[in-house]
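Q: So the sequences go chain by chain: A and B. Heads up: the first sequence begins at 250 in this note's numbering, then just goes up one per residue. Heads up: the second sequence begins at 250 in this note's numbering, then just goes up one per residue. Note that the Cβ used here is the ideal one computed from N, Cα and C, for glycine as well. My structure is below; once you've seen it, I'll send some questions.
Number of protein chains: 2
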Amino acid sequence: MHSNDGFRELGRQECLGLLAKVSVGRIVYTRQALPAVLPVNFCLDDDGAVLLRTCAASELARAVDGSVVAFEADEVDAVARAGWSVVVTGRAAVVNDPAEHEHLNRVVPCSWAPSPVEVFVRVEPELVTGRELVGGRTLYGVRLSG
Amino acid sequence: MHSNDGFRELGRQECLGLLAKVSVGRIVYTRQALPAVLPVNFCLDDDGAVLLRTCAASELARAVDGSVVAFEADEVDAVARAGWSVVVTGRAAVVNDPAEHEHLNRVVPCSWAPSPVEVFVRVEPELVTGRELVGGRTLYGVRLSG
């Protein structure tokens, strides 16, 4: 769908395809009633859920477990005014099923702050939205293939 | 300050210095009771406030005016497990003072979705926090100069 504001709305599958190409995103949650945002590395599960690994005792694990969060990734070329951004919104949960841990331990990238006791967090892909910047006042007439 | 989790906490001036080096960040706010996040280009005011330009009729302008938001920027090298992130948390407001508009029109970068009627949004730098990833399991022993 093309809007008239220089952005093209992306479909769910386009969004998940873009997310699969990058390894760093940002989890958005609430901390002490204030908005909080933290870059993390991640991967996608087969169903589009966002998977990440963190310290079991981390503030992040405590804050997001059971809450609706947003997870964002983007690639933006500020000079060319081109790029894309994707947001997954859904309930986050610490994965407590030991049967899943072996699988997740293989596929989910290591935390940047390794800890002896790590947990996995899954963000359900209840709402997957994204947009591509296509109509900005480009300086060089190029845009990301993104 | 060095923590023992692989991150170094950054001071306010370090954070503002890093923010001044980049042109794209992400504004985090609440939309219909859900967390929302949107990449935008921006600049810093002399006092560290985040300044951005958007369409007067945009959902963003309506949603953030008068609310506490977070504004995040980062540079992360996922392979080297190195980088930094900075978050400015504070009240956002649409600037209504006509006397400020001329100045802001000169210094604030153009919106990616230009509109005939644009407004400026200022995020007060009430809380400025950041961290540098310094102790990850680096693969190449390098880290961003940040």
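Between which two residues does the beta strand (DSSP E) holding A:Pro284 run?
A: Its beta strand (DSSP E) spans residues 283-290.
Q: In terms of residues, what are the limits of the alpha helix (DSSP H) holding A:Ala312?
A: Run containing A:Ala312: 308-313, per the alpha helix (DSSP H) assignment.
Q: Within 8 angstroms (strictly less), CB to CB, does A:Gly297 reach chain B?
A: No, A:Gly297 does not count as interfacial toward chain B.
Q: Would you say B:Asn345 reaches chain A, if we count a Cβ-Cβ gap shorter than 8 angstroms as a contact?
A: Not one chain A Cβ lies under 8 angstroms of B:Asn345.
Q: Please report the distance separating the alpha-carbon of A:Ala269 from that of A:Glu375.
A: Using only the alpha carbons, I get a separation of about 17 angstroms.
Q: Can you pull the chain B residues whose beta carbon is under 7 angstroms from the beta carbon of A:Val336, in chain order?
A: Correct list: Val286.
Q: Return the CA-CA distance between B:Asp200 and A:Phe369, expressed in angstroms with no decimal places.
A: Absent from the structure is residue 200 of chain B, since the part of chain B shown begins at 250 and ends at 395.
Q: Would A:Phe369 count as contacting chain B if we go by Cβ distances under 8 angstroms?
A: So no, A:Phe369 is outside the interface.
Q: Strictly by DSSP, which residues pair up with B:Asp326?
A: Answer is B:Ala331.
Q: Going by beta-carbon coordinates alone, are B:Ala362 and B:Cys304 separated by less than 8 angstroms?
A: A contact, by the Cβ cut-off of 8 angstroms.
Q: Tell me which same chain residues have a C-beta within less than 8 angstroms of the C-beta of B:Leu259, skipping the five on either side of it?
A: So the qualifying residues of the chain are Leu267, Trp333, Val335, Thr378, Gly379, Arg380, Glu381.
Q: In three-state terms, what does DSSP make of A:Cys359?
A: Coil, per DSSP.
Q: DSSP on A:Gly274, reduced to helix/strand/coil?
A: The answer is strand: DSSP assigns A:Gly274 an E or B state.
Q: List the residues of chain B that A:Val273 touches, going by C-beta distances under 7 angstroms, in chain order.
A: Simply Val325, Ala327.
Q: If you compare alpha carbons, which of A:Phe256, A:Ser307, A:Ala310, A:Arg302 is closest to A:Asn354?
A: The shortest Cα separation from A:Asn354 among A:Phe256, A:Ser307, A:Ala310, A:Arg302 belongs to A:Arg302.
Q: Using CA atoms only, rank isn't needed, just tell me which of A:Ala298, A:Arg330, A:Ala319 is closest to B:Val286.
A: Nearest C-alpha to B:Val286: A:Ala319.
Q: So A:Val337 packs on A:Cys292, CB below 8 angstroms; how close in whole Å?
A: Not quite, the Cβ-Cβ distance comes to about 12 angstroms (not below 8 angstroms), so this is no contact.
Q: Shorter than 8 angstroms from the beta carbon of B:Asn354 to some beta carbon of chain A?
A: It does not; no Cβ of chain A falls within 8 angstroms.
Q: Measure the CB-CB distance between A:Arg371 and A:Asp295 and report whether it falls below 8 angstroms.
A: No.
Q: Between the alpha carbons of A:Gly297 and A:Val344, how many angstroms are there, rounded?
A: Straight-line Cα distance between these residues: approximately 16 angstroms.
Q: Rounded to the nearest angstrom, what separates B:Asp346 and A:Tyr278 at their Cα positions?
A: Looking at the two C-alpha atoms, the distance is approximately 32 angstroms.
Q: Identify the continuous alpha helix (DSSP H) that holds B:Glu263 and give its terminal residues.
A: First-last of the alpha helix (DSSP H) with B:Glu263: 261-268.
Q: So A:Val317 packs on A:Arg280, CB below 8 angstroms; how close in whole Å?
A: Incorrect: roughly 14 angstroms between the Cβ atoms, too far for contact.
Q: Which residues in the same chain as B:Gly315 place their Cβ atom closer than 8 angstroms to its Cβ, once the five residues preceding and following it in sequence are excluded?
A: Arg340, Ala341, Ala342, listed in sequence order.
Q: Pick out whichever of A:Arg257, A:Val299, A:Ala329 has its Cα sitting closest to the Cα of A:Val289.
A: The shortest Cα separation from A:Val289 among A:Arg257, A:Val299, A:Ala329 belongs to A:Val299.
Q: Check B:Glu351 in the structure and name its three-state DSSP category.
A: Reduced to three states, the DSSP call for B:Glu351 is helix.
Q: Determine, for A:Leu283, whether the minimum Cβ-Cβ distance to residues of chain B falls below 8 angstroms.
A: Yes, because at least one Cβ of chain B sits closer than 8 angstroms to the Cβ of A:Leu283.
Q: Helix, strand or coil for A:Val336 per DSSP?
A: DSSP places A:Val336 in strand when its eight states are reduced to three.
Q: CA-CA distance, B:Met250 and B:Ile276?
A: At B:Met250, the pLDDT of 46 sits below 50, so the modelled position is not reliable and the matter cannot be decided from this model.
Q: Around the Cβ of B:Pro365, are there at least 16 other Cβ atoms within 10 angstroms (buried) or fewer (exposed)?
A: The residue is exposed, with fewer than 16 neighbouring Cβ atoms inside 10 Å.
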